[in-house]
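Student: Next up is a structure, given as structure tokens.
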Amino acid sequence: MRFNYKNITYKFLLIVSFLIIIGINKGFNYLLINGFSNPIYGTITSLLIISTIVYLTTLFFGSYLIQLNFHIKSLNKADRTINKIAITFDDGPTPQITENLLNVLEKHNVKATFFMIGKNIENNKNIVKKVDAQGHIIGNHSYYHANMFDMQSSKKMLAEITKTNKLIKSIINKEPTIFRPPFGITNPMLAKAVRKSKMHSIGWSLRSLDTIKTKNQTLKKIKSKVKNGDIILLHDNNNNIIEITEEFINYTKNIGIEIVSLEHLLKIKAYK
Ligand SMILES: [Zn+2]
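In my numbering, the protein residues as written are 10 to 281.
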């Protein structure tokens, strides 16, 4: 039985139904005599509480950790036997930062993937063009990337995905097939929206935490943790990213790991 939302929910409901049936069967006669002080009710109530806690904890981690493929199968890493990795930059494009980053990538002839937010694209279409012209891949990272993105209906999520895809297509004449859920959070509504969009859900295997850590802390983390087949999550909306990227590229060269595009790493088509 695969560990996913459907199977875990099915199991949880089965356990709850079973406990309630046992409670009704075994406890009914005693209930008439002893009321709710009957020990069987205590046991059943405890088991119901434990099952609910386990279920809710599983839902939390299943939604928070995209790598668990709990709600939807995401592509989070590649074959660990091949000494190749991909670097991905989320939440741009950002004036100056994304452009400076492109210069570093060009200098080292490294191809990267940019998961862009639709509303950030609107006023930076020239940057989007440049990213594409330099051979990098552009993916969809929703239109608003709002904090409450995951609270929306699948219909609204799909509308954001479609709007961003259309926007990207209007600029580079290619429509992305890759979508990275905002914050990497997944849930049944998101799963439905992605399925309907027929896009690949893309996660990561190494999170740099570059937006909350210092430059040195970020570098220390990604240098010490990088492994073959990794998809690394970075962001092109903070100034540190330029130096982090350049130093990390040099590091991977020294240890014999090649940085390739996500398309190459995962052997998928990035555009429809
Ligand atoms: Zn993001």
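C-beta atoms are modelled at their ideal positions from N, C-alpha and C, and glycine is treated no differently.
Once DSSP output is grouped into helix, strand and coil, what is the label at Pro190?
Tutor: In this structure, Pro190 counts as coil in the three-state DSSP scheme.
Student: Below 8 Å on the Cβ atoms is my contact criterion, and I expect Asn92 with Gly265 to pass it. Report the Cβ-Cβ distance as a whole number of Å.
Tutor: About 6 Å separates the two Cβ atoms, so the contact holds.
Student: Would you kindly check if the distance between the Cβ of Asn249 and the Cβ of Lys276 is under 8 Å?
Tutor: No. Outside cutoff.
Student: Would you call the CB atoms of Phe98 and Leu110 closer than 8 Å?
Tutor: Cβ atoms of Phe98 and Leu110: closer than 8 Å.
Student: Using CA coordinates, which residue listed in Ile181, Ser151 and Phe257 is at the minimum distance from Lys172?
Tutor: Comparing Cα positions, the closest option is Ser151.
Student: Is Ile251 closer than 8 Å to Val137 when the C-beta atoms are compared?
Tutor: No, the pair does not count as a contact, with Cβ atoms beyond the cut-off.
Student: Gly212 to Leu242, Cα distance in whole Å?
Tutor: In a straight line, the C-alpha of Gly212 is about 8 Å away from that of Leu242.
Student: Quick one: grab the DSSP three-state call for Tyr8.
Tutor: Here the chain covers residues 10 to 281 and nothing more, so residue 8 does not appear.
Student: For Thr122 versus Ile106, is the C-beta spacing smaller than 8 Å?
Tutor: No, the pair does not count as a contact, with Cβ atoms beyond the cut-off.
Student: Of the choices Asp100, Ala87, Thr18 and Asn16, whose alpha-carbon is the least far from that of Arg189?
Tutor: The option with the nearest alpha carbon to Arg189 is Asp100.
Student: Let me confirm a value: Asn132 is counted as buried when at least 16 other C-beta atoms fall within 10 Å, else exposed. Which label applies?
Tutor: Per the 10 Å Cβ criterion, exposed.
Student: Under 8 Å between the Cβ atoms of Lys120 and Gly148?
Tutor: No; because the gap between Cβ atoms is not below 8 Å, this pair is not in contact.
Student: Which residue marks the beginning of the beta strand (DSSP E) containing Phe123, and which one marks its end?
Tutor: Counting along the chain, the beta strand (DSSP E) containing Phe123 begins and ends at Thr122 to Met125.
Student: Taking the C-alpha atoms as reference points, what is the distance between Ile59 and Asn34?
Tutor: About 21 Å.
Student: Near His244, what residues of its chain come up, given a Cβ to Cβ distance below 6 Å and the 5 sequence neighbours on each side ignored?
Tutor: Same-chain partners within the cutoff: Asp99, Asp100, Asp219 and Thr220.
Student: Return the residue from the list Lys134, Ala87, Lys82 and Val269 that minimises the CA-CA distance to Pro201.
Tutor: Rather than Pro, the amino acid found at residue 201 in this sequence is Lys. When only C-alpha atoms are compared, the closest one is Lys82.
Student: Helix, strand or coil: which one does DSSP assign to Ile258?
Tutor: The answer is helix: DSSP assigns Ile258 an H, G or I state.
Student: Identify the residues that DSSP records as bridge partners of Gly148: which are they?
Tutor: According to DSSP, Gly148 bridges with Phe124.
Student: Pick from Thr67, Gly32, Ile177 and Gly71: whose alpha carbon is nearest that of Ser55?
Tutor: The residue with the shortest Cα to Cα distance from Ser55 is Gly32.
Student: Kindly provide the ranges of any beta strand (DSSP E) runs that are 3 or more residues long and lie completely inside the region 162-228, ordered along the chain.
Tutor: You should have 209-211.
Student: With DSSP collapsed to three states, give me the class of Ser270.
Tutor: Residue state, collapsed to three classes: coil.
Student: Tell me whether Phe192, by its Cβ, gets closer than 7 Å to a heavy atom of ligand 1.
Tutor: Checking the Cβ of Phe192 against ligand 1 gives yes.
Student: Report yes if the C-beta distance between Thr261 and Ile253 is below 8 Å; otherwise report no.
Tutor: Cβ atoms of Thr261 and Ile253: not closer than 8 Å.
Student: Under 7 Å: does the beta carbon of Asp99 sit that close to some heavy atom of ligand 1?
Tutor: Result yes, Cβ under 7 Å from ligand 1.
Student: Assuming Leu111 is part of the alpha helix (DSSP H), what are its boundary residues?
Tutor: Taken as a continuous stretch (DSSP letters only), the alpha helix (DSSP H) holding Leu111 covers Ile106 to Lys116.
Student: Which residues in the same chain as Thr18 place their Cβ atom closer than 6 Å to its Cβ, once the five residues preceding and following it in sequence are excluded?
Tutor: Here the set comprises nothing.
Student: The beta strand (DSSP E) spanning Thr103 covers which residue range?
Tutor: Where Thr103 is concerned, there is no enclosing beta strand (DSSP E), given that its DSSP letter is neither H nor E.
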